[in-house]
C-alpha cells in the first residue's frame, strides 16, 4: 500500500514555521530551566543569575507565539489524519495536542505569576517589562514555584511523547505522518 501523502496534506508553511521555531525556543528554554533549577548549585552566582535572566526574558514570549499559533490554527484547517489511524490513536493525538497548547500557555503564565509574587520585574525579550499578574506575596512563593515546576514537567513529558510518536511513525511504522510537518 502506498502511504505517500499528496502535497496538500502537509501543514501550511506558516504552521510549520510556528511548530519548528517554537520547538527551537521551548526545548532549550526547558533544558535551561532544568539546568538552573536542578543541576546548578543552589547558591546564587552571577552565572546562575544570567541564565535565569535569559530564561525569564524569553519565557513570556512563548505566550505571544502560542496565542498567534492558536489564532492561525483556528483560522487555517490542519491536514486531515490518514484514515489508517485508529480512533483511539486519533483521540490520543487530539489530547496530546490540546495538552501541548495548554502547557505552552500555563508554563510561562506560572513563571510570570512566580516573578510577580516574588516582587520581581517581568522582562520580555529585552524590550518591555510586563505588568505583574499578582501582588508581591511571599506566602504564595512556594505554591507558585511548585506550580511552575510541575507544569514544566508536564510540558516536558508531552514534548517527549510528541517526539517519540513522531519518530515511531518515521522509523517504526515507516509512514509519512512526520512528513506533514517537515
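Numbering (my numbering), first residue to last: 471 to 652. Even glycine gets a Cβ: it sits at the ideal position worked out from N, Cα and C. Computed from a predicted structure; not experimentally measured.
Selection from the options that minimises the alpha carbon distance to residue i
i           : options               : result
residue 534 : 623, 559 and 579      : 579
residue 600 : 529, 489 and 538      : 529
residue 526 : 505, 595 and 497      : 595
residue 496 : 524, 563 and 607      : 524
residue 565 : 575, 615, 628 and 512 : 628
residue 568 : 539, 584 and 516      : 539
residue 572 : 541, 621, 617 and 610 : 621
Terminal residues of the beta strand (DSSP E) in which residue i lies
i           : result
residue 592 : 592-594
Proximity below 9 angstroms, CB of residue i to CB of residue j
i           : j           : result
residue 652 : residue 486 : yes
residue 543 : residue 649 : no
residue 501 : residue 570 : no
residue 555 : residue 563 : yes
residue 522 : residue 506 : yes
residue 587 : residue 608 : yes
residue 574 : residue 532 : yes
residue 632 : residue 581 : no
residue 602 : residue 585 : yes
Helix, strand or coil at residue i [DSSP, three-state]
i           : result
residue 476 : Low local confidence applies: a pLDDT of 49 at residue 476 is under 50, so the model's placement there is unreliable, with the coordinate-based value given in what follows. It is coil, neither helix nor strand.
residue 597 : coil
residue 567 : helix
residue 605 : coil
residue 642 : helix
residue 514 : coil
residue 489 : helix
residue 622 : helix
residue 471 : Reliability fails at residue 471, whose pLDDT of 45 lies under 50, so the model's placement of it is uncertain and no value is given.
residue 546 : coil
residue 505 : helix
Residue burial classification, residue i (beta-carbon count within 10 angstroms, cutoff 16)
i           : result
residue 536 : buried
residue 605 : exposed
residue 592 : buried
residue 634 : exposed
residue 546 : exposed
residue 512 : exposed
residue 503 : buried
residue 614 : buried
residue 647 : buried
residue 499 : buried
Alpha helix (DSSP H) segment containing residue i, residue limits
i           : result
residue 652 : Here residue 652 belongs to no alpha helix (DSSP H), and DSSP marks it neither H nor E.
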